[in-house]
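Residue numbers (this note's numbering): 2 to 513.
Input: a single structure, listed below in structure tokens.
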């Protein structure tokens, strides 16, 4: 009997030590991420959009969510986090300080991904999920900026955790919390409005399949509670700006909003006007392309969308090991044929988001828009560690993955995967915020100020010529917000020899 007790005790101790080892591993991953991200946040220049996002965040802190002009279209209440962190740090450059707000949101989102992976695939897979999330070049790039791209991921993860908790133990309180989580996701980025119909679809499907055993009356009560909770928190996050406004009292820009506002001119709307005005401006700017670069993909420029844009961008902007790990994870998933409601949620979200970004979003100016779709990719790729015969292969792939990402330090925004063999020709594939967004201007200026190079001359010259990638793609805008065309600096391709790519973005040609 004593031997048996000793055996059980040793097993419990071994399990505890194993769990402690995995927890320490996750903490180490997070600490290393914070160090790397902090360095990138401090040394990279302020990008083109950050000041506008930060300014809106400051106004939100003051209780003002009003849209001042068309540039306020996609600015969201979540930017108040960046402004609040900047106030706490009290530095000379508040925008740079505000970037640490995004890093905090990334840490919370990453911990959420780790927790979800642990619940679905176990502790070891959770460590892998953490590595895939925190050392992804796109996560690293956008978690060090004051924009809404990383917060969109944060909002999705918060919502997903709340959804899983709700389905595990249905109740009024969790219905209210799910509504709050939905409002948080929406306050991060308007694209998360897709979660509203998805939530109704999820709950309806679970009820009809009797996955959740509740009566119709209770289901209706939970939906009403969730709806009221979402409504309240959306109003709260937008500062109750003109809540219960009537359409006849306000101005809209899109034909759609103006059409419906004329039909329901006297109907009080139980939502903030600034919330609707933001959606209106996003739709207007997306349709008109005013002040926006044309879409660019694989050497082609057009005002319309490329259905394949985000698939190609994902392939080119993600480390190759991620796809190998994903294939292994999918193989394991198909082999085991174990499909639970978590998989149903992830698959539905990934499909709906992908279809929206590919076929309904006209402004395809960066993979960053589809960043939330990466989360289920990390989730299933992490399960590859469960294939015991390939565990060492998975570890090697993870080392490759991390090494590929940090090789671009600190300029993660310009990352291109191993699929692009000739990194000097990256401008032939993608442009805009996929490569250069103003993030490394100080480092580029060092070459310009050296006096040894000429930066984007108006006319052909001999010597060393430095060119920004978008000057060759044809999507660079002039002072009037119009594309300058692809011919301005194309002469360097004919008369010059590409000698070097400066900091992964600007092209140095020697012209004879």
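Yeah, the Cβ is synthetic: ideal placement off N, Cα and C, and Gly gets one too.
If you follow the alpha helix (DSSP H) that residue 115 is part of, which residue opens it and which one closes it?
Taking the first residue of the chain shown as position 1, residue 115 is located at position 114. Residue 115 -> alpha helix (DSSP H) spans 95-122.
Can you check whether the CB of residue 322 is closer than 7 Å to the CB of residue 153?
Locating residue 153 in the chain shown gives position 152, where the first residue counts as 1. Locating residue 322 in the chain shown gives position 321, where the first residue counts as 1. For residue 153 and residue 322, no; Cβs fall outside 7 Å.
Does DSSP put residue 456 in a helix, in a strand, or in coil?
Taking the chain shown and counting its residues from 1, one reaches residue 456 at position 455. Correct three-state label for residue 456: strand.
Hey, would you say residue 185 sits closer than 7 Å to residue 159, going by beta carbons?
Counting from 1 along the chain shown, the entry for residue 185 is found at position 184. Counting from 1 along the chain shown, the entry for residue 159 is found at position 158. Contact flag set, yes.
Would you call the CB atoms of residue 96 and residue 147 closer than 7 Å?
Counted from its first residue, the chain shown places residue 96 at position 95. Counted from its first residue, the chain shown places residue 147 at position 146. Yes; because the gap between Cβ atoms is below 7 Å, this pair is in contact.
Ordered along the chain, which non-local residues of its own chain (more than five positions away) have a Cβ less than 7 Å from that of residue 411?
For the purposes of this step, residue 411 is identified with residue 410 of the chain shown, where counting begins at 1. Cβ within range, chain order: 40, 41, 44, 45.
Going by C-alpha distance, which of 454, 476, 472 is nearest residue 466?
Within the chain shown, numbered from 1, the residue matching residue 466 stands at position 465. Ranking 454, 476, 472 by Cα distance to residue 466 puts 454 first.
Alpha carbon to alpha carbon, what distance is there between residue 443 and residue 164?
By one-based count along the chain shown, residue 164 stands at place 163. By one-based count along the chain shown, residue 443 stands at place 442. Distance between the alpha carbons of residue 164 and residue 443 is about 44 Å.
Are the segment 77-88 and the segment 58-65 touching, with three or more C-beta to C-beta distances below 8 Å?
yes
Which class does residue 502 belong to by DSSP, given the choice of helix, strand or coil?
The residue labelled residue 502 in the question sits at position 501 within the chain shown. Strand, per DSSP.
Determine the direct distance from the alpha carbon of residue 56 to that of residue 100, and round the result to whole angstroms.
For this step, residue 100 is matched to residue 99 along the chain shown. For this step, residue 56 is matched to residue 55 along the chain shown. Each residue's Cα considered, the two are about 13 Å apart.
DSSP three-state label for residue 339, please.
If you number the chain shown from 1, residue 339 lands on position 338. The answer is coil: DSSP assigns residue 339 none of H, G, I, E or B.
Excluding the five sequence neighbours on either side, which residues of its own chain have a C-beta within less than 8 Å of the C-beta of residue 407, listed in chain order?
Counted from its first residue, the chain shown places residue 407 at position 406. Taken in chain order, the residues that qualify are 37, 136.
For the alpha helix (DSSP H) holding residue 404, just list the boundary residues, first then last.
Residue 404 sits at position 403 when you count from the first residue of the chain shown. Element bounds for residue 404: 392-407.
Going by DSSP in three states, residue 296 sits in which element: helix, strand or coil?
Here residue 296 corresponds to residue number 295 of the chain shown, with the count starting at 1. In the structure shown, residue 296 falls within a strand segment according to DSSP collapsed to helix, strand and coil.
May I ask you to verify whether the segment 333-351 touches the segment 393-406, counting CB pairs closer than 8 Å and requiring at least 3?
no
Using alpha carbons as the reference points, say which of 268, 235, 169 lies closest to residue 276.
In the chain shown, residue 276 corresponds to position 275, counting from 1. Ranking the options by Cα distance to residue 276, first place goes to 235.
In whole angstroms, what is the alpha-carbon distance linking residue 302 and residue 35?
In the chain shown, residue 302 corresponds to position 301, counting from 1. In the chain shown, residue 35 corresponds to position 34, counting from 1. Rounded to the nearest angstrom, the two C-alpha atoms are 37 Å apart.
Measure the alpha-carbon distance for residue 151 versus residue 112 and round it to whole angstroms.
As a first step, residue 151 must be located in the chain shown, where it is residue number 150. As a first step, residue 112 must be located in the chain shown, where it is residue number 111. Residue 151 and residue 112: Cα-Cα distance of roughly 14 Å.
Pull up the CB-CB distance for residue 161 and residue 439, whole angstroms please, since I reckon it's below 8 Å.
Along the chain shown, one-based indexing puts residue 161 at 160. Along the chain shown, one-based indexing puts residue 439 at 438. Actually they do not touch by this definition, with Cβ atoms about 33 Å apart.
Can you tell me which of the three DSSP states residue 136 falls into?
What you label residue 136 is simply residue 135 of the chain shown in a count that begins at 1. Of the three classes helix, strand and coil, the one that applies to residue 136 here is coil, per DSSP.
Taking the alpha-carbon positions, what's the residue 256 to residue 195 distance?
Taking the first residue of the chain shown as 1, we reach residue 256 at position 255. Taking the first residue of the chain shown as 1, we reach residue 195 at position 194. Rounded to whole angstroms, residue 256 to residue 195 spans 21 Å at the Cα level.
Is it true that the segment 206-213 meets the segment 247-255, where meeting means three or more beta-carbon pairs spaced less than 8 Å apart?
no
State yes or no: is the C-beta of residue 300 within less than 7 Å of the C-beta of residue 227?
Counted from its first residue, the chain shown places residue 300 at position 299. Counted from its first residue, the chain shown places residue 227 at position 226. Cβ atoms of residue 300 and residue 227: not closer than 7 Å.
Looking at residue 508 and residue 1, is the spacing between their C-beta atoms short of 7 Å?
In the structure as shown, the chain begins at 2 and stops at 513. Residue 1 is therefore absent and cannot be evaluated.
Using the rule of at least 16 other Cβ atoms within 10 Å of the residue's Cβ for burial, across every protein chain shown, is residue 145 buried or exposed?
Against the chain shown, residue 145 aligns to sequence position 144. With at least 16 other beta carbons inside 10 angstroms of its own, residue 145 counts as buried.
Which residue wins for smallest C-alpha separation from residue 149, given the options 305, 73, 130?
Indexing the chain shown from 1 puts residue 149 at position 148. Nearest of 305, 73, 130 to residue 149, Cα basis: 73.
Nearest-angstrom Cα distance between residue 513 and residue 417?
As a position in the chain shown, residue 513 is number 512, starting the count at 1. As a position in the chain shown, residue 417 is number 416, starting the count at 1. Their backbone Cα atoms lie some 30 Å apart in a straight line.
On the DSSP letters alone, give me the boundaries of the beta strand (DSSP E) that residue 512 sits inside.
As a first step, residue 512 is located in the chain shown; it is residue number 511 there, counting from the start. Looking at the DSSP string, the run of the beta strand (DSSP E) that includes residue 512 is 507-512.
Going by other Cβ atoms of all chains shown within 10 Å of its Cβ, with 16 needed for buried, is residue 1 buried or exposed?
There is simply no residue 1 to check, as the chain begins at 2 and stops at 513 in what is shown.
Quick one: using the 10 Å Cβ neighbour count with 16 as the cut-off for buried, is residue 315 buried or exposed?
Working through the chain shown from its first residue, we reach residue 315 at position 314. So residue 315 ends up on the buried side.
Could you tell me the alpha carbon to alpha carbon distance between residue 110 and residue 324, rounded to whole angstroms?
On the chain shown, position 109 is the one that residue 110 refers to. On the chain shown, position 323 is the one that residue 324 refers to. So the alpha carbons of these two residues sit roughly 22 Å apart.
Mark residue 271 as exposed unless 16 or more other C-beta atoms lie within 10 angstroms of its C-beta, in which case mark it buried.
Taking the chain shown and counting its residues from 1, the one referred to as residue 271 is at position 270. So residue 271 counts as exposed.
In three-state terms, what does DSSP make of residue 466?
Locating residue 466 in the chain shown gives position 465, where the first residue counts as 1. Residue state, collapsed to three classes: strand.
Is the beta carbon of residue 320 sitting closer than 7 Å to the one on residue 191?
Numbered from 1 along the chain shown, position 319 holds the residue referred to as residue 320. Numbered from 1 along the chain shown, position 190 holds the residue referred to as residue 191. No; because the gap between Cβ atoms is not below 7 Å, this pair is not in contact.
With H, G and I counted as helix, E and B as strand and the rest as coil, what does DSSP make of residue 265?
The residue labelled residue 265 in the question sits at position 264 within the chain shown. Here residue 265 sits in coil by DSSP.
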